[in-house]
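One structure below.
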């Protein structure tokens, strides 16, 4: 995925967060973003997203964020009783 740009929707799906979360991270400076020269939409460098995932996996970011990311990966199965 290196050298590629992703839309906000693609980046959100990759990270397991909402586009609103990415916008908030952009405003607070937690995740760098680039603006598309024609549309001015946010686009994200794949390297920046990969670095964020590595930081989460190695514990370089707060545990709360790591727990949320891991929770998104789990499959929840519940039994339904009548």
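Residue numbers (our numbering): 6 to 87.
Heads up, the beta-carbon is just placed ideally off N, CA and C, and yes, glycines get one too.
Buried or exposed: residue i, going by 16 or more other Cβ atoms within 10 Å of its Cβ?
{"i": "residue 2", "result": "This structure leaves residue 2 out entirely; the chain is present only between 6 and 87."}
{"i": "residue 46", "result": "exposed"}
Could you check which residue in the options has the C-alpha nearest to that of residue i?
{"i": "residue 13", "options": "34, 33 and 41", "result": "41"}
{"i": "residue 11", "options": "30, 20 and 51", "result": "51"}
{"i": "residue 53", "options": "29, 35 and 43", "result": "35"}
Below 8 Å CB to CB, which residues in the same chain sit around residue i once its five sequence neighbours on both sides are set aside?
{"i": "residue 17", "result": "23, 24, 26 and 27"}
{"i": "residue 92", "result": "The chain is shown only over 6 to 87; residue 92 falls outside these bounds and no answer can be derived."}
Which partner residues does residue i have in the DSSP bridge list?
{"i": "residue 32", "result": "None, per the DSSP bridge assignment."}
{"i": "residue 49", "result": "11"}
{"i": "residue 40", "result": "47"}
Ignore the nearest five residues each way along the sequence and tell me which others in residue i's own chain have a CB closer than 7 Å to its CB.
{"i": "residue 43", "result": "none"}
By Cβ distance, which residues of its chain are closer than 6 Å to residue i, with the 5 residues on each side in sequence left out?
{"i": "residue 37", "result": "53"}
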